[in-house]
Amino acid sequence: MKAHNRSSQTIRDYDNKYYMHPWEGMDSFGQADRTISASAEGIYVYDEHGNRLIDGPGGMWCTQIGYGRRDMADAIADQVMRLSYHSPWNTASEPPAVLAKKLADLAPGGLNNVFFTTGGSTAVDTAIRYMHFYNNRLGRPNKKTVISRDKAYHGSTFLSASVTGRDRGKNFLDVDRERVHLLPDVNPLIRPEGMSLDDWCAAKVKDLEDAIVALGPDSVGAFIAEPILASGGVIIPPNGYHKGCMEVCRKYDVLYISDEVVTGFGRLGHWFASKDVFDIEPDMITCAKGLTSGYLPLGACLINDRIVDPISGPDQEGVMFNNGYTYSGHPVACAAALKNIEIMETEKILEHVREISPYFLERLHSLRDEPMVGDTRGIGLVGCVQGKVTGDGDSYALDQQFGAKVDEKCEEMGLIVRPMANMCVFSPPLIITKTQIDDMFDILREAIRQVAREFP
Ligand code: PLP
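Per our numbering: the sequence shown = residues 438 to 893.
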């Protein structure tokens, strides 16, 4: 099937000549040989040659209900014909109002105030800007430092990139670290030999408390954390970590921002992982991606009554939270999100994730018997296979290509994976069935074996 009837060669030429891709490698700029995705349905993407590939990473962690749903297309088209845009500043419309109520109902406790954004990065920006606003309004203008973590990914705008702990590209793109403090890696795998997980958890919570004390509680405004470090390599913190961090935040009056851009909307079997998986009620939750299952761009920052009530009301005349986007609460994107949530409810997709994820994890962990595999880890429908780091020098360099090499082999056999250095990451559409999970891991195992044969 040809995309919009142009030849693959024309698409590739235009793509190379005019389209500057996100995270573009400048070495191959203008001459990349990208596969062209032509169409998609369910969990499958079809390339320009008609090859069918399982969408292992779920797009970019976002294609929860799968591709090509007629009911999504109808809901989007209906809204386009009814009201394709409205100014979010001084008028209201049905889709964002109903979606805001729905999100408040689905979110834990007092997270009842929904600020719509264009995606995850702008949701994180909004959370940080709200923290600035909150502390300025409370007369504590110095309480602005954000504590984040090594390997965290929070986005690509200047502010969200500044609180991102992953260092990719930092050599060439500036960020503002002046009011950012990064905590060390929480990965339980790197804990000292013999240390229990409980002790590791206590040590990691202490890292946060020590940082707040060292920086001075009067200067620390927020702690931001993904429930699991997703793009940082699917790092799952030890049990009790988030709860411990939440208690520390409360103790020092530091806002807790839970970045659920990946974990929200069913990825871990719940609408939001903060409460249902990690037992915390954050001050703010950021979400995007699965909110519309990737059908249209939309993000949201949910803000707790606890930090809205003290600075809102008739006595706040002339005060404005001066933050917003032309497309905040875009009616078509909100209509898509509402339909997406309705589908997830009526088709019991969260229940399906809870039911099927033990099997997904069993198949994932069964790969540990492959000599090339150093670690497997996962939770819900997120998984990571890490190649074995064998040492230094050339063998280490080869290990770093594990992800790319496995990806290459998988794609030849009909599976897309997300390669990251010595890791392959999976977050398939949540509608994946047991048979499709088998297909996925059968291909992956075969690909790992083929790569193993090629490694010296
Ligand atoms: N936060 C997290 C945890 C993410 O994984 C991402 C994107 O992968 C973002 C924020 C940024 O979201 P977006 O790419 O929609 O701006």
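In this text, a Cβ means the ideal position worked out from N, Cα and C, and glycines have one as well.
Nothing here was measured: the structure is a model prediction, and the numbers come from that model.
Cβ-Cβ distance between residue i and residue j below 9 Å
i, j, result
"residue 859", "residue 887", "no"
"residue 801", "residue 863", "yes"
"residue 790", "residue 705", "yes"
"residue 660", "residue 623", "no"
"residue 648", "residue 694", "no"
"residue 811", "residue 824", "yes"
"residue 453", "residue 468", "yes"
"residue 869", "residue 780", "no"
"residue 763", "residue 525", "yes"
"residue 619", "residue 585", "yes"
"residue 613", "residue 599", "yes"
"residue 671", "residue 816", "yes"
"residue 479", "residue 451", "no"
"residue 715", "residue 664", "yes"
"residue 462", "residue 742", "no"
"residue 497", "residue 840", "no"
"residue 774", "residue 735", "yes"
"residue 638", "residue 576", "no"
"residue 867", "residue 502", "yes"
"residue 491", "residue 778", "no"
"residue 707", "residue 787", "yes"
"residue 543", "residue 709", "yes"
"residue 556", "residue 592", "yes"
"residue 530", "residue 520", "yes"
"residue 560", "residue 724", "yes"
Three-state secondary structure assigned by DSSP to residue i
i, result
"residue 786", "helix"
"residue 681", "helix"
"residue 839", "helix"
"residue 550", "strand"
"residue 861", "strand"
"residue 491", "strand"
"residue 814", "strand"
"residue 601", "coil"
"residue 892", "coil"
"residue 831", "The predicted position of residue 831 is uncertain, since its pLDDT is 49 and thus under 50; a value taken from the coordinates is nonetheless stated next. Helix at residue 831."
"residue 854", "coil"
"residue 740", "strand"
"residue 618", "strand"
"residue 503", "coil"
"residue 797", "helix"
"residue 609", "coil"
"residue 775", "helix"
"residue 756", "coil"
"residue 429", "Look at the range of the chain in this structure, 438 to 893, and you will see that residue 429 is not part of it."
"residue 885", "helix"
"residue 868", "coil"
"residue 496", "helix"
"residue 780", "helix"
"residue 665", "coil"
"residue 745", "helix"
"residue 819", "strand"
"residue 657", "strand"
"residue 880", "helix"
Rounded Cβ spacing between residue i and residue j (contact assumed at less than 8 Å)
i, j, result
"residue 508", "residue 726", "Contact flag wrong, Cβ pair sits at about 20 Å."
"residue 738", "residue 554", "6 Å"
"residue 855", "residue 459", "Not quite, the Cβ-Cβ distance comes to about 14 Å (not below 8 Å), so this is no contact."
"residue 558", "residue 582", "So it is not a contact: roughly 20 Å between Cβ atoms."
"residue 884", "residue 850", "6 Å"
"residue 574", "residue 748", "4 Å"
"residue 572", "residue 658", "5 Å"
Residue i CB to nearest heavy atom of the ligand GTP below 8 Å
i, result
"residue 588", "Although the ligand GTP was asked about, the structure shown includes only the ligand PLP as ligands."
Practice prompt. Starting from the N-terminal side, write out each stretch of the beta strand (DSSP E) that is 3 residues or longer and does not extend beyond the segment 695–738.
Written response: 721–724
Worksheet entry | Any alpha helix (DSSP H) of 4 or more consecutive residues that is wholly inside the segment 439–486 | 445–455
Worksheet item: Does the segment 713–726 come close enough to the segment 756–765 to have 3 or more Cβ pairs within less than 8 Å?
Response: no
Item to complete: Go through the segment 515–589 residue by residue and report every complete run of the alpha helix (DSSP H) that reaches 4 residues or more, in order.
Response: 531–543 and 557–574
Worksheet item: Is the segment 769–786 touching the segment 510–521 in the sense that three or more CB pairs, one from each, lie closer than 8 Å?
Response: yes
Discussion item. Check whether the segment 601–618 and the segment 683–690 touch, using three or more Cβ-Cβ pairs below 8 Å as the test.
Written reply: no
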